[in-house]
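First the structure, in the form of structure tokens, and then the observations on it.
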Amino acid sequence: MSVKKFMYVNRKAPYGTIYALESLEVVLIGAAFEQDVSLAFVDDGVYQLMKGQDTSEVGMKNFSPTYNALGDYDVNKLYVEKESLEERGLTVDDLMPLTYEDENDDYKEKPSIRVVTSEELSAIMDEQDVVLSF
Amino acid sequence: MAMLHTINKSPFERNSLDSCLRLARDGGSVLLIEDGVYAATKGTKVADKVTAAMGRMKFYVLGPDMKARGISEDKILDGIQVVDYGGFVDLVAEHDNVQSWL
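Chains as they are written, first to last, in the working numbering: chain A, 7 to 140; chain B, 37 to 138.
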């Protein structure tokens, strides 16, 4: 079976709705099928990657540490739209410093988050075989 | 009559903030909760209209909902007061009525 390019598009903030958590669950399940997986974070989806999330006072599960595990499942292309960050007064420094070990480069630790412009993301989306929206 | 307005939706995804600011009378208060807390942060495309509305209404943001979303107090616009759950109860008690902008 040939490897297909799968992209998960995340456009919702965490906690306010169940979309962000459900997307993460599906990504982890899908990772078992060894496809070429990437994630896109646009609009309020960029808030899913905010660092320092602490849900202890709201009685909900803090699922943000799970994004750290994605690298171990060979999910290491997390595209964050620059324009979405800017509209929200955010920079990449406000996001979790997610990394993966590159097996093709002596297992060097490299950042998983790649900030891309709308134009660049548009081209990456165009290359996909399957796009799943959350 | 002093009204407490609560907003629980992101200002980037819904128009709850806009509708509230358009229809709320001067002298009332706005409490940003859940995904509404994003409206309280600095440097966003809605920050100017929130700041402008502070001249006629008091603004509050719920601390536990900020913390859940990784928003620290230094990211909150000047003039917005952070409250905890007890503060939420006090605001409800101090106002004549509550209107939820869902």
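Note that the Cβ used here is the ideal one computed from N, Cα and C, for glycine as well. This structure is a prediction, so every number in the text was calculated from the model and none was measured.
- S65(B) has its alpha-carbon roughly 10 Å from the corresponding atom of V128(B).
- The beta carbon of K57(A) falls within 7 Å of a beta carbon belonging to chain B, placing the residue at that interface.
- Proximity of the segment 40–55 of chain A to the segment 85–96 of chain B falls short of the contact definition, fewer than three beta-carbon pairs being nearer than 8 Å.
- For V81(A), no CB of chain B lies under 7 Å from its own CB, so it is not counted at the interface with that chain.
- Secondary structure note for E92(A): its alpha helix (DSSP H) is the uninterrupted segment K88 to E93.
- Counting only the Cα atoms, E130(B) lies some 43 Å from V86(A).
- The alpha carbon of L96(A) has as its nearest neighbour, out of T80(B), D84(B), H41(B) and Q135(B), the alpha carbon of T80(B).
- Taking a C-beta distance under 7 Å as the contact criterion, L91(A) and S118(A) do not qualify as a contact pair.
- DSSP, reduced to helix, strand and coil, places P100(B) within a helical segment of the structure shown.
- Taking a Cβ-Cβ threshold of 8 Å, the residues of chain A close to R105(B) are A19, P20, Y21, Y53, M56 and Q59, in chain order.
- Within chain B, S46, F48 and E49 have C-beta atoms less than 7 Å from the C-beta of D50(A), given in sequence order.
- The Cβ neighbour count for E133(A), taken over all protein chains shown within 10 Å, is under 16; the residue is labelled exposed.
- Taking the Cα positions, E115(A) is about 13 Å away from D80(A).
- Taken in chain order, the complete alpha helix (DSSP H) segments of 4 residues or longer contained in the segment 40–94 of chain A are 88–93.
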